[in-house]
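Below: one structure, written as C-alpha cells.
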Amino acid sequence: MQAVKMYTTAYCPYCTRAKQVLQSKGVAQIEEIRIDSDPAQRAVMMESTGRRTVPQIFIGDTHVGGCDDLIALDQRGGLLPLLQS
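In UniProt numbering, the protein residues as written are 1 to 85.
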C-alpha cells in the first residue's frame with residue numbers, strides 16, 4: 001500500500017473525515033504534518049500544492065487534494081487502485 005501524507009491542523013473536521021475515509025480503505029498509517037504547530041510546514045504545503053487549506057493529501061507522490069477531492073476520487077472508484085499502486 002502506498003504511503004499517505006496529510007497536512008492537517010488540530011481542529012479540522014475535514015481532516016478527521018479524510019482520515020476516516022482512508023482508514024476505511026485499509027490505510028493503517030498516515031503521516032500527519034501539523035501546520036498549526038509547525039508554521040514552516042505551511043509554506044512547504046503551499047509551495048507543493050498551490051493551496052492554503054487543510055487537509056492536503058498525498059498518496060505516494062500523487063497530490064490528491066483536500067477532503068472533498070478524496071471523497072470524489074473514492075466515488076469514481078480511483079482511491080483504492082491509487083492506494084494499491
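Heads up, the beta-carbon is just placed ideally off N, CA and C, and yes, glycines get one too.
All figures in this text were calculated on a predicted structure; none of them were measured in a lab.
{"Asked": "Alpha-carbon to alpha-carbon, S85 and P55", "Found": "22 Å"}
{"Asked": "Secondary structure of V44, DSSP reduced to three states", "Found": "helix"}
{"Asked": "T9 versus L80, F58, D38, residue with shortest Cα-Cα distance", "Found": "D38"}
{"Asked": "Contacting residues, own chain, Cβ-Cβ under 8 Å from G66 (five flanking each side not counted)", "Found": "Y14, A18, R51, T53, V54, P55, Q56, I57"}
{"Asked": "Residue interval of the beta strand (DSSP E) (run including Q84)", "Found": "No beta strand (DSSP E) contains Q84, which is instead part of the alpha helix (DSSP H) from 79-84."}
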